[in-house]
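Novice:
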Amino acid sequence: MFGIPKISRMQTKSLKSITANIMIADTGLNIRYMNDAVMELLKEAEADLKKELPRFDFAKLVGSNIDIFHKNPSHQRNMLAALKTQHRATIWVGHRAFDLIVTPLLDGQKTTGFVVEWANAKERLQNLDFAGQMVAINRVQGIIEFTTEGEIVSANENFLKAIGYRLDEIKGRSHSMLVDAEYAKSPEYKEFWDALRRGEFQAAEFTRYGKNGKLVVINASYNPIVDAKGKVTKVVKFATDVTERVQAVNTIGTALTKLANGDLSFSIDQPFAPDFEGLRRTMNEALSQMRNTLGAVANSTDQIDTGTREISQSAEDLSKRTEQQAASLEETAAALDEITVNVSNAAKRADEARHAAATASNNAERSGKVVADAVGAMSRIENSSNQISNIIGVIDEIAFQTNLLACRFAFNRETPRQ
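Numbering (the UniProt record's numbering), first residue to last: 1 to 418.
1) Considering just the uninterrupted stretch of the beta strand (DSSP E) at residue 34, what are its terminal residues?
2) Please list, in chain order, all residues of the same chain as residue 93 whose beta carbon is under 8 angstroms from its beta carbon, the five residues on each side excluded.
3) Could you tell me how far apart the beta carbons of residue 221 and residue 203 are, in whole angstroms, since I believe they sit closer than 8 angstroms?
4) How many whole angstroms separate the CB atoms of residue 419 and residue 211, which I take to be in contact at a CB cut-off of 8 angstroms?
5) Spatial neighbours of residue 31 within its chain, please: CB distance less than 7 angstroms, with the 5 preceding and 5 following residues excluded, ordered by chain position.
6) Which residue from 196, 198 and 242 puts its Cα closest to that of residue 217?
7) Less than 8 angstroms between the C-beta atoms of residue 240 and residue 223, yes or no?
8) Between the region 170-186 and the region 139-153, are three or more C-beta pairs nearer than 8 angstroms?
9) Spell out a yes or no on whether the region 189-209 and the region 230-237 are touching, meaning 3 or more CB-CB pairs, one atom from each, closer than 8 angstroms.
10) Under 8 angstroms, do residue 266 and residue 248 count as touching if we go by C-beta distance?
11) Count the other CB atoms, across all protein chains shown, that sit within 10 Å of the CB of residue 301; report buried if there are 16 or more and exposed otherwise.
12) Helix, strand or coil: which one does DSSP assign to residue 268?
13) Taking the alpha-carbon positions, what's the residue 201 to residue 184 distance?
14) Mapping DSSP to helix, strand and coil, what is residue 371?
15) Which residues in the same chain have their Cβ closer than 6 angstroms to the Cβ of residue 101, if we skip the five residues on either side of it in sequence?
16) Could you tell me which residues DSSP puts in a beta bridge with residue 118?
17) Pull the bridge partners of residue 111 from the DSSP assignment, please.
18) Comparing C-alpha positions only, which one of 145, 156 and 119 sits nearest to residue 135?
19) For residue 205, which residues from the same chain have a beta carbon less than 6 angstroms from its beta carbon, with the 5 sequence-adjacent residues on both sides left out?
20) Nearest to residue 264 by alpha carbon, out of 292, 274 and 56?
21) Can you give the Cα-Cα distance for residue 143 and residue 125, rounded to whole angstroms?
22) Please classify residue 387 as buried or exposed, where buried requires at least 16 neighbouring CB atoms within 10 angstroms.
23) Any idea if residue 162 is buried or exposed, counting beta-carbon neighbours within 10 angstroms, 16 or more meaning buried?
24) As an exercise, report each continuous alpha helix (DSSP H) stretch of at least 4 residues that is fully enclosed by the region 223-268, in chain order.
25) Can you name the residues that DSSP bridges to residue 145?
26) How many angstroms separate the CA atom of residue 192 from the CA atom of residue 208?
27) Please classify residue 400 as buried or exposed, where buried requires at least 16 neighbouring CB atoms within 10 angstroms.
28) Please state whether DSSP places residue 401 in a helix, a strand or coil.
29) Pull the bridge partners of residue 293 from the DSSP assignment, please.
30) Any C-beta of chain C sitting closer than 8 angstroms to the C-beta of residue 20?
31) Please confirm whether residue 419 and residue 260 have their CB atoms less than 8 angstroms apart.
32) When burial is assigned at 16 or more other CB atoms within 10 Å of the CB, is residue 141 buried or exposed?
33) Tell me which residues share the same chain as residue 258 and place their Cβ nearer than 7 angstroms to its Cβ, disregarding the 5 neighbours each side in the sequence.
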């Protein structure tokens, strides 16, 4: 049939009924037969195939050459011409991928045709991609697998390292061995697993306990895995050990609380994990700088306080000296006032003397000798009187200047006090 070994009606019926996507081509690579499965596959992909392969026509596939599936047909022809055993390949048409299994039909040593089994490579490539992702995740995250009842099935090295157990020490045991004993008995823990069995994933930061009570903090997600019918068959947990980060954060938090309360007398001496050691050093340096700064401020405050006290004492001394000087000036002013009174009295007595001299002059007219003597006396008295008048003028000027100086001093003393 079609230049290839004759296929019986029963064989044709069998090819039509199988789920594999079968295509048969002759030695000229002309398509001679397609079963229903491959026709359904190519019919569903026809729109996408035409975008990349303009010559593709589903209705005319039987009788067409398989070259229509290749942009470089000569390469495929050379490969098939030398084909003596089964060959597997994946072809891409646009964003679609197909897995091909090409098996030569042999009559002795002679090739009489080819059977091509087609398969949509999407699922296989997705699975391959998922497998690659799992390998990548397995390198950096802890992974542990449980039954739906919480029994430990397997765990990778990252998870085992975090909790400090070997796999044979935990395999077959309950997840509850990793949690607080009281929590394991609580309704919350029961609901945790009931939710997982209902297909509800759980993700949070969890506190767990490893070997010998080792405290472990993990950022994890518990993921229910379902089968084709949607039934949860197992639970896979992906976890990242964040114990060191949490410890560093808690220590820094405690330090900041002390700092907020004004305590600078401490430092963080316990080393952090390498990723967080820089944070510890920075915190200690900040504390040291704050201590030095506040110490310098305190020292400056003491110096300012001392200087203020000295200035206050000096001001007090100056005030006392000023009061003493004012008192002295007041005494001087009083003495000058007394002198002024005495001078005034002397002036009055001088006036009285002049009056007496005048009287004597009148009496002198009655007696020449008496007059002459009186004139001489009067002359002398007059000279003395003039001198006394000059002295009185000088004393009045001194008294005026002294009073003026006392007023100015009293004014200056009152102004600072106000």
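C-beta: ideal position from N, C-alpha, C; glycine also.
As the structure is a computational prediction, the values presented were derived from the model and not from experiment.
Specialist: If we stick to the structure as given:
1) Counting along the chain, the unbroken beta strand (DSSP E) around residue 34 starts and ends at 31-34.
2) 45, 48, 49, 52, 53 and 69
3) Yes, residue 221 and residue 203 are in contact; Cβ-Cβ is about 4 angstroms, under 8 angstroms.
4) It is not possible to answer for residue 419, since the shown part of the chain is limited to 1 through 418.
5) 23, 25, 61, 62, 63, 64 and 66
6) 242
7) no
8) Two segments are said to touch when three or more pairs of C-beta atoms, one from each, lie closer than 8 angstroms; by this definition the region 170-186 touches the region 139-153.
9) The region 230-237 and the region 189-209 touch, with three or more beta-carbon pairs separated by less than 8 angstroms.
10) Against a cut-off of 8 angstroms, the Cβ pair of residue 248 and residue 266 comes out as no contact.
11) exposed
12) coil
13) 19 angstroms
14) Confidence at residue 371 is low in this model, with a pLDDT of 48, below 50, so its placement is unreliable and the value that follows should be read with caution. Helix, per DSSP.
15) Excluding positions up to five away in sequence, the list reads 88 and 117.
16) 21 and 100
17) 106
18) 156
19) So the list reads 219, once near-sequence residues are dropped.
20) It is 292 whose Cα lies nearest to the Cα of residue 264.
21) 23 angstroms
22) exposed
23) buried
24) 243-260
25) 154 and 236
26) 15 angstroms
27) exposed
28) helix
29) For residue 293, which the question treats as bridged, DSSP gives no partner whatsoever.
30) In the structure shown, chain C does not exist; there is a single protein chain.
31) The requested residue 419 is not part of the displayed model; the chain covers only 1 to 418.
32) buried
33) 266
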